[in-house]
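Chemist:
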Amino acid sequence: MGNTPTEIVTRFAPSPTGDLHIGSARTALFNWLLARRHGGKFLLRIEDTDFERSTPEATKSILSGLNWLGIDWDGEPTSQRSLQARHKQIVTQLLNTNKAYKCFSTKEEIQKNRESAKESGDSTLFKSPWRNVDKDQHPNKPYSVRLKTPEHQILKINDEVQGEVNWSNNQIDDMILLRSDGTPTYMLAVVVDDHDMGVTHIIRGDDHLSNAGRQKLIYQALDWPVPIFAHIPLIHGEDGKKLSKRHGALDIKSYAEMGYIPEGVINYLCRLGWSHGDDEIFSTSQAKLWFNLENIGKGPARLDLKKMEFVNKQHMSKAPYKMIEKYFDQYLQNIGEDALSTSQKLLLNNSFDFLKIKIKTFSDLLEQITFIKVNRPIIISDEKLVTLISNNKKLLNDLTPLLQNVKWTRDELETLLLDFSSSYNIKFGELARPIRIVLSGKSHTPSIIDMMTVLGKEETLARLYDFS
Ligand code: GLU
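Just so you know, my numbering puts the end of the sequence shown at 480, numbered straight through with nothing missing.
#1: Does the distance between the C-beta of residue 59 and the nearest non-hydrogen atom of the ligand GLU fall short of 7 Å?
#2: Out of 432, 385, 376 and 448, which has the shortest C-alpha to C-alpha gap to residue 400?
#3: What is the rounded straight-line gap between the Cα of residue 386 and the Cα of residue 477?
#4: What would DSSP say about residue 348, mapped onto helix, strand or coil?
#5: Give me the residue from 55, 151 and 67 with the minimum Cα distance to residue 210.
#6: Between residue 5 and the rest of its own chain, which residues show a CB-CB distance below 6 Å, the 5 nearest in sequence each way excluded?
#7: Please determine, among 205, 38, 141 and 364, the residue with the shortest C-alpha to C-alpha distance to residue 186.
#8: Residue range of the beta strand (DSSP E) that residue 22 falls in?
#9: Distance, Cα to Cα, residue 132 vs residue 59?
#10: Is any heavy atom in the ligand GLU found nearer than 7 Å to the beta carbon of residue 386?
#11: Measure how close the beta-carbons of residue 35 and residue 217 come, nearest whole angstrom, since I'm counting them as under 8 Å.
#12: So, with DSSP's three-state summary, where would you put residue 113?
#13: Given this structure, state the Cα-to-Cα distance separating residue 380 from residue 396, to the nearest angstrom.
#14: Residues in the same chain with beta-carbon distance under 7 Å from residue 80, minus the five sequence neighbours each way, listed in chain order, please.
#15: Using 8 Å as the threshold, is the region 323–331 in touch with the region 182–202, meaning 3 or more CB pairs across them?
#16: Just grab the DSSP bridge partners of residue 220 for me.
#17: Any idea what DSSP makes of residue 44, helix, strand or coil?
#18: Less than 8 Å between the CB atoms is what I'm expecting for residue 382 and residue 454, so what's the real figure, rounded?
#19: Say the cut is 7 Å; is the CB of residue 216 nearer than that to a heavy atom of the ligand GLU?
#20: Can we count residue 243 as close to the ligand GLU, meaning its CB is less than 7 Å from some heavy atom?
#21: State the Cα-Cα distance for the pair residue 460 and residue 276, rounded to the nearest angstrom.
#22: Counting only the same chain and skipping the five closest in sequence on each side, list residues whose C-beta sits under 6 Å from that of residue 162.
#23: Using only the heavy atoms of the ligand GLU, determine whether one of them is closer than 7 Å to the beta carbon of residue 73.
#24: Check residue 483 in the structure and name its three-state DSSP category.
#25: Suppose contacts are defined by Cβ-Cβ distances below 8 Å. Is residue 200 in contact with residue 244 by that definition?
#26: What is the DSSP secondary structure of residue 447, counted as helix, strand or coil?
What follows is the structure in structure tokens.
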């Protein structure tokens, strides 16, 4: 990583205009992992300078998305808005050192200039006539402050992901640092804040690559060290197109509501653009040990929801049970479902080994545990299932007394049910179907023997008698 500074400081700098986008979550994750891997700091800065689009609700939602993922930050989040006095102070410094100048051109003049340049086929980059005008000739009119971009300079950055990137002079205008309404621009604020926060590494989407070139000019004008940049390719949809709503959920909140486990999402996001050999499934702790900039891919990553589900499934089945319980509680709360009671939790604990094979998400888990959540007498709402039960009443009434006498073990139950179905000359599935409905009220459930063993003899028989 070249001349790596002693302490790595990274940051996540979201604009609070909506929920935590999956691409932004990945940016936060990469910055967080790099800092954690090197024992550095990961800072959070809310870029709330756009008064019209920034909302406190969005800030709250972004923080809660990060919290859900388990991405923690050092210190308090900074609000960029609160730092405007400092930004203005730097503008004054740049004016005083002749690195910036006041520009009195109006919007209309700039627009006119652009149009006539277009017509004559010249560069449309605005060259302010005020760049070299002496102070004593300044009018008493509103002005913006522009950076005096050095002429004849080849601008270059060595990006950790994109490699060397160059801009020629005619691609760079004298950017505005302070607008005529007195507000600092994003370009200036980012540089000042990153410098003041001691940020050493900036990982962000490659839509910011050209900003990096401009920002470097500001660093140079201030004689500040330029941080290490790593611009990561944006996430695309499976069809290779820019990610949009039609590719699926775009914010982290939705994945929480769909029943993903944070470790699964973290693992999948890591693999979206970064690799560690052939490792596909790994924990967040492993990612914290392994993450590096060298293995960030150059090509755009593609969001593959099937793969994401697969990765999630692995994490659901590998997670320590305590973790499952904690996240499942959170999931139920997120979707507005009642929490499990202590006795239901006990049943879930006893079932999780067979349930985990069947589920990819907590939403699957919720569906599978209806037999745990229902209370007697079970009300069956589906008419078809009601008919199925009445058609099988005799079968169930013949079976129940036999169950009364069996030793309640998996093997004994299996033998009894198999013998019973063959004595009735029906397939096991035909016997299982009404039992499954009686035990859960539904037709999609775990296996009947699994449910019976977890519910116990008394409860199983009580549910069967309810329908006799
Ligand atoms: N606030 C910017 C954004 O949300 C990020 C700026 C940066 O990372 O430098 O796109």
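We treat Cβ as the ideally placed atom computed from N, Cα and C, and that holds for glycine. What you are looking at is a predicted structure, and each value in this text was computed from that prediction instead of being measured.
Modeler: Quick look at the numbers:
#1: Position 47 of the sequence shown holds residue 59. Result yes, Cβ under 7 Å from the ligand GLU.
#2: By one-based count along the sequence shown, residue 400 stands at place 388. Residue 400 has its Cα closest to that of 448, out of 432, 385, 376 and 448.
#3: Start at 1 with the first residue of the sequence shown, and residue 386 comes out as number 374. Start at 1 with the first residue of the sequence shown, and residue 477 comes out as number 465. Using only the alpha carbons, I get a separation of about 16 Å.
#4: For the purposes of this step, residue 348 is identified with residue 336 of the sequence shown, where counting begins at 1. Coil.
#5: Taking the first residue of the sequence shown as position 1, residue 210 is located at position 198. If we check each option's Cα against that of residue 210, 55 comes out closest.
#6: What the structure shows of the chain is the stretch from 13 to 480, and residue 5 is not part of that stretch, so it cannot be assessed.
#7: Within the sequence shown, residue 186 is the residue found at index 174, counting from 1. Out of 205, 38, 141 and 364, 141 has the C-alpha closest to the C-alpha of residue 186.
#8: If you number the sequence shown from 1, residue 22 lands on position 10. Element bounds for residue 22: 21–24.
#9: Numbered from 1 along the sequence shown, position 120 holds the residue referred to as residue 132. Numbered from 1 along the sequence shown, position 47 holds the residue referred to as residue 59. So the alpha carbons of these two residues sit roughly 39 Å apart.
#10: For the purposes of this step, residue 386 is identified with residue 374 of the sequence shown, where counting begins at 1. Not so, every heavy atom of the ligand GLU lies at least 7 Å from the Cβ.
#11: The residue labelled residue 35 in the question sits at position 23 within the sequence shown. The residue labelled residue 217 in the question sits at position 205 within the sequence shown. Yes, residue 35 and residue 217 are in contact; Cβ-Cβ is about 6 Å, under 8 Å.
#12: Taking the first residue of the sequence shown as position 1, residue 113 is located at position 101. DSSP places residue 113 in strand when its eight states are reduced to three.
#13: Position 368 of the sequence shown, counting from 1, holds the residue named residue 380. Position 384 of the sequence shown, counting from 1, holds the residue named residue 396. Distance between the alpha carbons of residue 380 and residue 396: 20 Å.
#14: Numbered from 1 along the sequence shown, position 68 holds the residue referred to as residue 80. Counting only Cβ-Cβ distances below 7 Å, and skipping sequence neighbours, we find 264, 268 and 274.
#15: no
#16: What you label residue 220 is simply residue 208 of the sequence shown in a count that begins at 1. DSSP lists no partner for residue 220.
#17: Position 32 of the sequence shown, counted from the start, is the residue given in the question as residue 44. Reduced to three states, the DSSP call for residue 44 is helix.
#18: For this step, residue 382 is matched to residue 370 along the sequence shown. For this step, residue 454 is matched to residue 442 along the sequence shown. Going by Cβ atoms, the distance from residue 382 to residue 454 rounds to 5 Å, so yes, they are a contact pair.
#19: Counting from 1 along the sequence shown, the entry for residue 216 is found at position 204. For the ligand GLU, at least one heavy atom lies less than 7 Å from the Cβ of residue 216.
#20: Looking up residue 243 in the sequence shown gives position 231. No, since every heavy atom of the ligand GLU falls outside the 7 Å radius drawn around the Cβ of residue 243.
#21: Mapped onto the sequence shown, residue 460 falls at position 448. Mapped onto the sequence shown, residue 276 falls at position 264. About 30 Å.
#22: Here residue 162 refers to the residue found at position 150 of the sequence shown. None.
#23: The residue given as residue 73 occupies position 61 in the sequence shown. False, no ligand heavy atom lies under 7 Å from that Cβ.
#24: Residue 483 lies beyond the residue range present for the chain, which begins at 13 and ends at 480; the question has no answer from this structure.
#25: By one-based count along the sequence shown, residue 200 stands at place 188. By one-based count along the sequence shown, residue 244 stands at place 232. Result no, Cβ atoms of residue 200 and residue 244 do not sit closer than 8 Å.
#26: Here residue 447 refers to the residue found at position 435 of the sequence shown. DSSP places residue 447 in helix when its eight states are reduced to three.
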